[in-house]
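Line by line, the protein sequences give chains A and B.
Under this note's numbering, the very last position in the first sequence is 346; numbers go up by exactly one each time.
Under this note's numbering, the very last position in the second sequence is 346; numbers go up by exactly one each time.
Here is the structure we will look at.
There are 2 protein chains.
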Amino acid sequence: MSVTIKDIARLAGVSIATVSKVVNNKDFDISEGTRVRVQKIIDEENYRPNSLARSMITKTTKTVGLIIPDVRNPFFTDLARGAEDCAKENGYSLLFCNSDDVLEKEIEYINTLVEKQVDGIVLAGSINRNKALEEKYSVTVPIVSLDRKVYFKGIQATVEIDNVTGAHDAIEYLIQSGHKDILFLSGQEEVDISKDRLIGYKKALEENHIPFNPKCVIFGLYKSEFGYQYIMENDLPKEVTAIFCGNDLIALGVIKALKSKKIKVPKDISIMGFDDISLASINTPELTTVKQPSYEFGYIAVQRLIDIIEGITNRKDKFEIKTELIIRESTAPRRNDTKSDDDVAE
Amino acid sequence: MSVTIKDIARLAGVSIATVSKVVNNKDFDISEGTRVRVQKIIDEENYRPNSLARSMITKTTKTVGLIIPDVRNPFFTDLARGAEDCAKENGYSLLFCNSDDVLEKEIEYINTLVEKQVDGIVLAGSINRNKALEEKYSVTVPIVSLDRKVYFKGIQATVEIDNVTGAHDAIEYLIQSGHKDILFLSGQEEVDISKDRLIGYKKALEENHIPFNPKCVIFGLYKSEFGYQYIMENDLPKEVTAIFCGNDLIALGVIKALKSKKIKVPKDISIMGFDDISLASINTPELTTVKQPSYEFGYIAVQRLIDIIEGITNRKDKFEIKTELIIRESTAPRRNDTKSDDDVAE
DNA sequence: TTGTACGCGTTATCAG
DNA sequence: CTGATAACGCGTACAA
């Protein structure tokens with residue numbers, strides 16, 4: 001239906017080769033006169049080259065795939081935006097996929113993306129991996145994986161956030177504020193980020209000669225409901241004066257529950273999050289947290305991918321992004337006395 | 001590089017036509033024996049058809065474009081997820097574009113999408129339209145526009161949220177709760193949704209014989225910063241007992257500012273939002289709001305688009321989605337006395 | 001400076 | 001039941 005290069009050639013009275021050249025700015029070959037004439041017809045006819053046909057020749061689609069568990073997770077929404085921005089700036093388009101953290105969906109998407117001839121894939125892998133299964137898939141396009149190891153065969157690179165240091169810095173800060181008994185309300189135990197953050201947690205304790213108490217680590221889900229329910233259903237040990245939450249959503253749930261239990265934040269207990277989602281600063285009290293530069297994360301991942309696609313390989317294979325401690329209102333120095341009831345005013 | 005239909009044909013000792021048939025399940029033509037043999041080779045070689053080549057023939061890419069202002073706006077993140085889910089369920093892929101509410105970017109994206117031969121586009125148009133400019137573009141693929149009129153030439157349909165009724169219901173509820181002086185903190189005046197919500201606001205007032213006071217309508221931005229700053233920088237008229245906010249983000253900002261001014265919500269003043277973003281229920285107090293089914297919005301828009309693409313046109317051209325009043329904690333009946341200071345306990 | 005002709009990987013038609 | 005072959009729209013050596 002739509003107008004093709006052939007139509008333009010006919011209308012301009014030239015060959016398709018000539019049209020092709022002016023379309024692609026290979027017009028060092030073409031006389032000014034015909035160039036202008038052809039261009040005019042192109043504009044008049046509102047001609048747009050069919051990129052499918054072009055891709056068949058050039059073997060590149062200028063399209064990359066993005067697979068994430070769920071955009072609705074605030075961490076991934078920023079990441080997705082960063083990824084899209086970088087893609088656009090480099091002239092690429094982004095195919096958008098949500099895996100819901102299930103490996104089968106992820107593989108399904110990878111297949112589709114490969115069939116659609118994407119030039120590469122940015123993959124925030126789903127939680128449960130299956131090494132044996134994955135290794136059977138040799139993906140023919142470059143993959144940049146985020147935060148999680150994946151086992152597909154093929155060219156790969158990884159971009160990671162330094163969760164160990166992030167958690168370490170958070171705990172170190174709490175310790176410096178006088179806290180010793182710090183509850184760690186984590187997400188799923190199996191996830192790499194949970195493991196790394198636990199390592200950072202232990203490390204900071206150890207450096208400060210505070211014994212590690214396994215009972216102070218609780219695994220749950222990276223959702224506000226988990227934080228809320230845990231607090232509602234459990235009595236906190238007397239000695240706990242701070243809670244380090246696996247992410248901001250958990251922290252927000254915790255704060256909500258504490259409010260309903262009339263426990264003051266940060267007066268009675270300090271709360272830290274992880275992520276720095278946009279609501280961390282809207283909440284009352286504003287959340288002290290470890291900022292993950294999720295926008296940059298997505299941006300850099302796509303940049304790495306495009307570098308690989310375009311053959312710029314002079315970068316290391318593993319790229320690490322630093323977190324940043326954001327101190328706001330939900331944390332405070334530990335009070336010298338034990339929690340008391342003598343001070344209920346706001 | 002990768003294995004093609006030709007390779008499979010050679011390996012299986014059949015023609016490419018035969019391979020094509022078993023790939024596409026047109027195998028009513030093929031003997032069971034060869035079908036199995038060919039399938040075996042396909043599996044062994046991990047063959048994936050090149051969908052570019054296929055699309056050139058079939059004139060369909062099974063890909064649609066989604067253009068939204070910004071995924072980071074919670075309303076659009078849910079919408080995007082709904083869109084993707086519907087696309088996937090129908091065997092389509094989604095090309096993901098953020099226009100930042102600027103028309104030029106939007107047009108750029110449309111051009112790219114058309115070049116990539118998408119089968120259709122779901123477009124949440126940017127704020128400032130330019131009828132003359134748009135009408136010069138005849139988009140050759142179907143467009144389903146969301147919430148906002150667009151003027152591109154071509155096959156079109158619209159999916160809208162009934163903002164008039166949504167706002168009306170909200171104000172009606174406040175009035176029934178005894179409020180009469182209701183401040184409306186809206187977003188940008190030029191936007192269709194702002195206009196529609198204002199209509200609903202006026203309508204509810206009128207129905208209840210409450211005179212409309214133009215000073216009670218303030219236009220700003222659909223961001224929490226607007227709500228926060230407005231409250232911080234302005235003294236509310238004594239008589240105002242409720243604020244209807246243009247969206248939840250504004251409402252969250254308002255509540256934050258009120259807290260810092262020691263004004264209690266909902267005791268001293270009732271606050272309503274619009275959208276029902278996930279944080280509305282995490283916030284303290286939980287936000288009373290008008291739920292926009294944004295996930296469904298995206299889902300239905302893509303469904304409509306695919307219906308058009310696949311020639312199922314037996315649906316009306318304009319599709320309207322209803323909102324839902326969600327009553328939580330940030331609103332309360334108006335107290336009979338004027339605001340007093342005799343009651344500062346929690 | 002411009003045009004011819006081939007090929008990219010597939011589907012669809014039609015002959016065998 | 002199976003296989004040649006044209007066609008899809010374009011880019012590019014190579015010929016003119």
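In this text, a Cβ means the ideal position worked out from N, Cα and C, and glycines have one as well.
- Straight-line spacing of the CA atoms in I269 (chain A) and F184 (chain B) works out to 37 Å.
- At a cut-off of 8 Å between beta-carbon atoms, L198 (chain A) makes no contact with chain B.
- Under the Cβ distance rule, V23 (chain A) does not count among the residues neighbouring chain B, no pair being separated by less than 8 Å.
- Contacts with chain B at 8 Å (Cβ-Cβ) do not include D275 (chain A).
- Taking CB atoms only, V159 (chain B) has no neighbour in chain A less than 8 Å away.
- Taken through DSSP and simplified to helix, strand or coil, N98 (chain A) comes out as strand.
- Here I321 (chain A) is bridged, per DSSP, to A:I161.
- Looking only at A:I5, A:S330, A:I300 and A:R37, the smallest Cα-Cα distance to D248 (chain A) is reached by A:S330.
- Here the alpha carbon of D43 (chain B) sits roughly 26 Å from the alpha carbon of S55 (chain A).
- Annotation: G13 (chain B) to A167 (chain A) spans about 60 Å, alpha carbon to alpha carbon.
- Using a CB distance below 9 Å, the part of the segment 251–275 of chain B facing chain A consists of L252, G253, I255, K256, K259, S260 and K262, ordered along the chain.
- At a cut-off of 8 Å between beta carbons, T284 (chain B) contacts chain A.
- Collapsing the DSSP output to three states places S51 (chain A) in a helix.
- The alpha carbon of S177 (chain B) has as its nearest neighbour, out of B:A332, B:A157, B:V3 and B:R10, the alpha carbon of B:A332.
- Residue-level contact by beta carbon fails for L146 (chain B) and chain A, as no gap is shorter than 8 Å.
- The bridge partners DSSP lists for V122 (chain B) are B:L66 and B:V144.
- Legend: CB atoms of the segment 156–185 of chain A lying less than 9 Å from CB atoms of chain B are not found in any residue.
- Between N98 (chain A) and D78 (chain A), the beta carbon gap of about 15 Å keeps them out of contact (Cβ cut-off 8 Å).
- Neighbours of A80 (chain B) in chain A, taken as residues whose beta carbon is under 7 Å from its own, are V71 in chain order.
- Spatial neighbours of S138 (chain B) in its own chain (CB-CB distance under 8 Å, excluding positions within 5 residues in sequence) are listed in chain order as F152, K153 and G154.
- Contact note: L95 (chain B) reaches chain A through T63, S93, L94, L95 and F96, using a C-beta cutoff of 9 Å and chain order.
- Under a criterion of Cβ atoms nearer than 7 Å, the residues of chain A adjacent to L279 (chain B) are, in order, L279.
- The Cβ neighbour count for H179 (chain B), taken over all protein chains shown within 10 Å, is at least 16; the residue is labelled buried.
- Scanning chain A for C-beta atoms nearer than 9 Å to the C-beta of V114 (chain B) yields S2 and R48, reported in chain order.
- For T77 (chain B), the chain A residues whose C-beta falls within less than 7 Å of its own C-beta are V71, R72 and T77, listed in chain order.
- Around the Cβ of K322 (chain A), a 10 Å sphere holds fewer than 16 other Cβ atoms; the residue is exposed.
- Interface with chain A (8 Å Cβ-Cβ cutoff): A132 (chain B) is excluded.
- Pairing I250 (chain A) with A280 (chain A), the inter-Cα distance amounts to about 11 Å.
- Per DSSP, reduced to three states, the secondary structure at F212 (chain A) is coil, with no helix or strand assignment.
- Membership of S224 (chain A) in the alpha helix (DSSP H) is indicated by the continuous run S224 to E233.
- Interface residue (Cβ-Cβ distance to chain B less than 8 Å): A301 (chain A) is not classified as such.
- By the neighbour-count definition (other C-beta atoms within 10 Å, threshold 16), G33 (chain B) is an exposed residue.
- In summary, G311 (chain B) is exposed, with fewer than 16 beta-carbon neighbours lying within 10 Å of its beta-carbon over all protein chains present.
- For the segment 27–57 of chain B, the residues whose beta carbon sits under 8 Å from a beta carbon of chain A are, in order, N46, R48, P49, N50, S51, L52, A53, S55 and M56.
- Where A257 (chain B) is concerned, the enclosing alpha helix (DSSP H) starts and stops at D248 to S260.
- For the pair of segments examined, the segment 122–137 of chain A was found to touch the segment 60–67 of chain A: the number of CB pairs separated by less than 8 Å reaches three.
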